[in-house]
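K.L.:
Protein chains: 2
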Amino acid sequence: MSENKTQAFDIKKAAESKIANVDFENLAFGNIFTDHMLYCDYKDGEWGTPVICPYAPIEMDPSSRVFHYGQAIFEGMKAYKDEQDDIWLFRPDENFIRFNKSATRLAMPEVPEEVFMEGLKQLINIDKEWVRKGKGNSLYLRPFMIATGHGVIAAPSAQYRFMIILSPAKSYYTGEVKVLIAEHFSRAANGGIGAAKAAGNYSAQFYPTRLANQQGYQQVIWTDDATHTKLEEAGTMNVFFRINDTLYTAPTSERILDGVTRKSIIDLAKREGINVEVRSVLVDELLAAAKDGSLKEMFGAGTAAVVNPIVGFSYQDTYYELPKQDKPLSLEIKDKLTNIQYKLAEDTFGWTVKI
Amino acid sequence: MSENKTQAFDIKKAAESKIANVDFENLAFGNIFTDHMLYCDYKDGEWGTPVICPYAPIEMDPSSRVFHYGQAIFEGMKAYKDEQDDIWLFRPDENFIRFNKSATRLAMPEVPEEVFMEGLKQLINIDKEWVRKGKGNSLYLRPFMIATGHGVIAAPSAQYRFMIILSPAKSYYTGEVKVLIAEHFSRAANGGIGAAKAAGNYSAQFYPTRLANQQGYQQVIWTDDATHTKLEEAGTMNVFFRINDTLYTAPTSERILDGVTRKSIIDLAKREGINVEVRSVLVDELLAAAKDGSLKEMFGAGTAAVVNPIVGFSYQDTYYELPKQDKPLSLEIKDKLTNIQYKLAEDTFGWTVKI
Ligand SMILES: Cc1ncc(COP(=O)(O)O)c(C=O)c1O
Ligand SMILES: Cc1ncc(COP(=O)(O)O)c(C=O)c1O
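Note that the protein sequences, when read in sequence, are chains A and B.
If you read the first sequence in the numbering used here, its first letter stands for residue 1, the second for the next number, and so on.
If you read the second sequence in the numbering used here, its first letter stands for residue 1001, the second for the next number, and so on.
#1: Could one say the Cβ of B:Gln-1059 lies closer than 7 Å to chain A's Cβ atoms, at least one of them?
#2: Just the chain A side, please: which residues come within less than 8 Å of B:Gly-1119 by C-beta, in chain order?
#3: When you compare only the Cα positions, how much space is there between A:Asn-4 and A:Gln-159?
#4: Note down, in chain order, each residue of its chain lying with its Cβ closer than 6 Å to the Cβ of A:Thr-6, except the 5 sequence neighbours on either side.
#5: What residues in the region 178-193 of chain A bring their beta carbon closer than 8 Å to a beta carbon of chain B?
#6: Answer yes or no: the CB of B:Leu-1231 versus the heavy atoms of ligand 2, is any distance below 6 Å?
#7: Under a three-way DSSP split, which group does B:Leu-1141 fall into?
#8: Beta-carbon of B:Lys-1005 versus every beta-carbon of chain A: anything under 7 Å?
#9: Would you mind stating whether B:Gly-1235 and B:Gly-1302 have Cβ atoms separated by less than 7 Å?
#10: Can you name the residues that DSSP bridges to A:Val-307?
#11: For B:Thr-1236, verify whether its CB is less than 6 Å away from any heavy atom of ligand 2.
#12: For A:Ile-97 and chain E, any beta-carbon pair shorter than 7 Å?
#13: For a contact meaning CB atoms closer than 7 Å, what does B:Phe-1074 contact in chain A?
#14: Hey, is A:Gln-71's beta-carbon within less than 7 Å of any beta-carbon in chain B?
#15: So which residues on chain B does A:Gly-312 lean against when the C-beta distance must stay under 9 Å?
#16: Check the Cβ-Cβ distances between B:Tyr-1207 and every residue of chain A, and say whether any is below 7 Å.
#17: Would you verify that the beta carbon of A:Phe-9 is, or is not, closer than 7 Å to some beta carbon of chain B?
#18: Which residues in chain B sit within 8 Å of A:Asp-225, going by Cβ to Cβ distance?
#19: Could you run through the region 10-39 of chain A and flag, in chain order, every residue whose CB is less than 7 Å away from some CB of chain B?
#20: Let me know the secondary structure DSSP gives A:His-68 once reduced to three states.
#21: Considering only residues of the same chain and omitting the five flanking positions on each side of A:Glu-183, which have a CB-CB separation below 8 Å?
#22: Within 10 Å of its beta-carbon, does B:Glu-1233 have 16 or more other beta-carbons around it, so buried, or fewer, so exposed?
#23: Using the three-state DSSP reduction, which class does A:Ala-79 fall into: helix, strand or coil?
#24: Quick one: which unbroken beta strand (DSSP E) runs of 3-plus residues sit fully inside the region 1004-1037 of chain B? Chain order, please.
#25: Could you tell me which residues DSSP pairs with B:Pro-1168 in its beta bridges?
#26: Let me check you understand the geometry: is the CB of A:Gly-300 closer than 6 Å to at least one non-hydrogen atom of ligand 2?
#27: Against B:Met-1163, what residues of chain A qualify as contacts under a CB-to-CB distance less than 9 Å, listed in chain order?
#28: Should A:Val-260 be counted as a contact of ligand 1 given a C-beta to heavy atom distance under 6 Å?
#29: Taking 6 Å as the cut-off, is the C-beta of B:Leu-1286 nearer than that to any heavy atom in ligand 2?
#30: Say whether the region 1244-1262 of chain B touches the region 1279-1288 of chain B, bearing in mind that this needs 3 or more beta-carbon pairs closer than 8 Å, one atom from each stretch.
#31: Are B:Lys-1296 and B:Arg-1262 touching if we call contact CB-CB under 7 Å?
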């Protein structure tokens, strides 16, 4: 992280903390926020002074562009506390770079590194009591940017607000995840915004995901929209397939989010001598592997759940149950990765950054 | 319109009007709003009482779903004042139906007809001084809905706000419109949300449109994302091609917005004995027609500009200028359509609805 530049930030502390009211043992994901938030406004072509202030509603004109034309992007990251009470981020540079890539694709201004990185650091420091020790506990960090310019004309806004809000999180257990392979709906177009962490990508998935939920599937595995033959990713996770002893995951593209967890797993697996192939897995291949027993595991990979094992999938109204593994590779990888994140294992990659 | 039910609305009038400060001769589109707005909140599975109140900023929690996951839809309509000072809407039922189709696709609740239609009527009546007489003048109506539920978890919101805001408009003259045919970028996926008037669809277009602007083209004509061979629509307009004396326009699909202006033009042209074919025009066909001189006209069709003539297009770095027409069909159609809207010609279709 860059050196401390407190002067550049306008800091207004909350009169008292809400932390005593929080039941840290029973946290629903993304539901409770810490005492403070950060915002920084962009106007007349430049960013103003970042402000850290008590978490509170913001005033928005009803004609704000974000409401009408959807210029909104975000990131999802976590802060972890180790046994020495030090707080660590995991590859925050990756999130910063991806955030500004998203900004560019949505015709929004890039956020300066100082505002993003130093903003995170200052804000987390002020609310550091909210980061709980113990594996599984974390502080979920949500930097985001919205178009605040007024006017209902379909053109990029001239004004924006960058914000960071923080939410304490427990380990994310989603139960047994069964997935539905998309045959009709899709989340991203060729030449579209699928590779951006843009708000609009998520709302597009809600209706098809709800239909899948009604059929008993928790998630949809998206396929390419043109042919629906290539397996791409899940709603908020990249996807890995273990066929025999090789791990497969789709290459990133304009349609697929370049996940930090995904790329970390690729590196970690390689270090562990696991065979990893980055290439599109076809639906037909998956079906064949499920039928002949070579499909051993499937799992999602993303910041929230780290690794989310999938127990089976449905395609064309047939459900394929995956075999139970004695020692699932998914959990071994999850363990290795979270040990790095919580400073319980040596970080040979230099991924962790102390606050 | 349904009968007057003022009791069901909570109406708080502004202490004074801002109208005296408005220069109605120099209005930028979508920039100035009338004295009042309408909002209606959805919570616990039901819609509350619609409120009409002075136009003012609204309070939003920073974790509101609209900011993070883009659940936001809208409509664009106009109110016209005739020579008798009566105010008319144009096919508002079409916008109402489309609004709720968009809502369903975005996993948002449908808005009751009473709230949408009676809401428009009541609100316009209160701000009726803002609807100016004279062809070209109108009041642009912007019903929209945003997800107001809190929490950064990628799932549909449980709370929503429906709103209507109103903006006085002059006739929308965009100058000479040159367009770029999309070769790489796209606005919609197969199985995506392109047919919905969803906020996210617009932000996806801003960056490629800005690139086109930098090359001297005002708009992009989108092609299908899988092959980029089919001409689809423009950013906020459907597109018509006149080859010899036939008008062509793409069929609506999951990727294309079912425009009210488009369908009205199809009906109007048919009534006038003009040959209209609803089918995809291929880029190759367009090039051939431009080269052999059979391509006579291209124009966009949408509520804001009604009909927007296109003077030329670029494809693969070659610019094709369209021939000048003595009596462009586009302007004849525009005239016939606006005459119906302003009650200057008989409405044989029953499209106009008095407020
Ligand atoms: C669509 C999508 N894919 C994949 C991921 C995983 O990315 P990361 O590992 O950086 O959290 C996310 C983010 O959570 C996502 O939203
Ligand atoms: C993407 C898109 N296509 C076409 C149109 C034209 O639709 P309408 O004629 O209903 O205004 C619009 C709306 O303005 C639009 O946003």
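Don't be surprised by glycine CBs; every beta carbon is placed ideally from N, CA and C.
P.N.:
Reading off the structure:
#1: Looking at the sequence itself, residue 1059 of chain B is Glu, so the reference to Gln does not match. At least one chain A Cβ lies under 7 Å of B:Glu-1059.
#2: Under the 8 Å cutoff, chain A gives no residues; its nearest Cβ is about 14 Å from B:Gly-1119.
#3: Here A:Asn-4 scores only 43 on pLDDT, less than 50, and its place in the model should not be relied on; the value that follows carries that caveat. Each residue's Cα considered, the two are about 28 Å apart.
#4: Interpretation of A:Thr-6 is limited by its pLDDT of 47, a score under 50 that renders its predicted location unreliable; the figure taken from the coordinates is listed afterwards. Cβ neighbours of A:Thr-6 beyond the five flanking positions: none.
#5: Of all residues in the region 178-193 of chain A, the ones placed with a Cβ closer than 8 Å to any Cβ belonging to chain B are Ala-182, His-184, Phe-185, Ser-186, Arg-187, Ala-188, Ala-189, Asn-190, Gly-191, Gly-192, Ile-193, in chain order.
#6: no
#7: strand
#8: Confidence in B:Lys-1005 is poor, its pLDDT being 46 and thus under 50, which makes the residue's placement unreliable; the coordinate value appears in the next sentence. Using a CB distance cut-off of 7 Å, B:Lys-1005 does not count as an interface residue toward chain A.
#9: no
#10: A:Ala-301
#11: Yes - ligand 2 has a heavy atom lying nearer than 6 Å to the Cβ of B:Thr-1236.
#12: The displayed structure is made up of protein chains A and B, and chain E is not among them.
#13: His-68
#14: For A:Gln-71, the nearest beta carbon of chain B is closer than 7 Å to its own beta carbon.
#15: Residues of chain B passing the Cβ test: none, with the nearest at roughly 22 Å.
#16: yes
#17: Closer than 7 Å: no.
#18: Ala-1189, Asn-1190, Gly-1191, Gly-1192, Asp-1225, Ala-1226
#19: Phe-29, Gly-30, Asn-31, Phe-33, Met-37
#20: helix
#21: Thr-223, His-228, Tyr-315, Gln-316
#22: buried
#23: If DSSP states are grouped into helix, strand and coil, A:Ala-79 belongs with the strands.
#24: none
#25: Its beta-bridge partners are B:Leu-1139.
#26: Taking 6 Å as the cut-off, one finds no heavy atom of ligand 2 near enough to the beta carbon of A:Gly-300.
#27: Pro-62, Phe-67
#28: yes
#29: no
#30: yes
#31: no
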